[in-house]
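To start, the structure under review is shown below, and the notes come after it.
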Amino acid sequence: MLIDTICHLDFADFDPDRAAVIECAHVAGVEQIVVPSITVDNFERVLDLCASDPSLYPALGLHPCFSHDMEHDLARLDEMLSLAAGAVVAVGEIGLDFRPAQLRSGQEGAAQQEQLLEAQLKLAKTHDLPVLLHAVKAHDRVLKLLRRQHLPRAGIVHAFSGSEQQAREYAKLGFKLGFGGAVTYERARKLRRLAAELPLEWLVLETDAPDMPLQGHRGKRNEPCRVAEVAAFIAQLRGMDDAEVSAVTTATVSGLLRLPY
Numbered sequence: 001m002l003i004d005t006i007c008h009l010d011f012a013d014f015d016p017d018r019a020a021v022i023e024c025a026h027v028a029g030v031e032q033i034v035v036p037s038i039t040v041d042n043f044e045r046v047l048d049l050c051a052s053d054p055s056l057y058p059a060l061g062l063h064p065c066f067s068h069d070m071e072h073d074l075a076r077l078d079e080m081l082s083l084a085a086g087a088v089v090a091v092g093e094i095g096l097d098f099r100p101a102q103l104r105s106g107q108e109g110a111a112q113q114e115q116l117l118e119a120q121l122k123l124a125k126t127h128d129l130p131v132l133l134h135a136v137k138a139h140d141r142v143l144k145l146l147r148r149q150h151l152p153r154a155g156i157v158h159a160f161s162g163s164e165q166q167a168r169e170y171a172k173l174g175f176k177l178g179f180g181g182a183v184t185y186e187r188a189r190k191l192r193r194l195a196a197e198l199p200l201e202w203l204v205l206e207t208d209a210p211d212m213p214l215q216g217h218r219g220k221r222n223e224p225c226r227v228a229e230v231a232a233f234i235a236q237l238r239g240m241d242d243a244e245v246s247a248v249t250t251a252t253v254s255g256l257l258r259l260p261y
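Residue numbers are given in the UniProt record's numbering: position 225 of the sequence shown equals residue 225, and the series is strictly consecutive.
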């Protein structure tokens, strides 16, 4: 059994064949899929989609690049987390994205992103939920906010791209590190080394579908079934059986997000 810890199945990319994509994932052994929101506009779509299939689990949050009315959006998130209590498994996708293009393009500035993230970390504590973190060129700032907020249920650093030291700092706070398609690329030497050498209990698997395709699938829509390939690739890096990587990462996610196992 495998779990895809972040997959945007609500995106329009999947409208033509969503049911077939989910079935393909099940055939590949991916039996549970976490579907996060990125804006207030897709809260209800995510909830409705996950309510339609018991293998899908919703997360609600405000992505750092897509919140344009912070006060309104945070109030709506708080409301929806209350209304969907018991169904929502995490607050996410939330975080910081300090790529220059994001900070220059009229999106949220760095200070606003930090304000938005910290408010959502507080909501996660209030609603007793873990978080799904988006951290791009901002790991040290994210870590600073996490230390300040002390989340009891921690969470997952989606598409981890930091250093070994940053990985260890996240682990001290109880966070797990998401590995997906990026680790399969030959140029990803640092990421491959971390996937091979960090404690397996720190790792979880993801696709971020429809984005972040694996090597050999560039230019194609990513799908949750590819989690099986990520697991096999990491197993090869570590000199382990696929089944052991699957079992350990699945147990980790099940415990963290309180999914049936």
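Idealized CB from N, CA, C, for every residue including glycine.
Taking the C-beta atoms as reference points, V204 is found nearer than 8 Å to T252. CA-CA distance, V136 to M70, rounds to 20 Å. Contact between the region 157–176 and the region 118–129 is not established, with fewer than three Cβ pairs separated by less than 8 Å. With a cutoff of 8 Å on beta-carbon distance, A59 and S37 are scored as near each other. In this structure, DSSP gives G239 a state outside helix and strand, which the three-state scheme calls coil. Residue environment analysis places V27 among the exposed positions, since fewer than 16 neighbouring C-beta atoms fall within 10 angstroms of its C-beta.
According to DSSP, Y57 shares a beta bridge with V34. Collapsing the DSSP output to three states places F98 in coil. Annotation: D48 to A12 spans about 14 Å, alpha carbon to alpha carbon. Scanning its chain for C-beta atoms nearer than 7 Å, with the 5 sequence neighbours on each side dropped, one finds around L103 the residues G109 and A110, in chain order. In this structure, V34 lies away from D10, with their beta-carbon atoms at least 8 Å apart.
By the 16-neighbour rule on beta-carbons within 10 angstroms, G178 is buried. In the three-state scheme derived from DSSP, where H, G and I count as helix and E and B as strand, E93 is classed as strand. For D4, the uninterrupted beta strand (DSSP E) run begins and ends at L2 to D4, by DSSP.
Distance from the CA of L83 to the CA of H127, rounded to the nearest whole angstrom, comes to 11 Å.
Taken through DSSP and simplified to helix, strand or coil, G216 comes out as coil. For H134, the enclosing beta strand (DSSP E) begins and ends at V131 to V136. Judged by DSSP secondary structure, L143 falls outside any beta strand (DSSP E) and instead within the alpha helix (DSSP H) spanning H139 to Q149.
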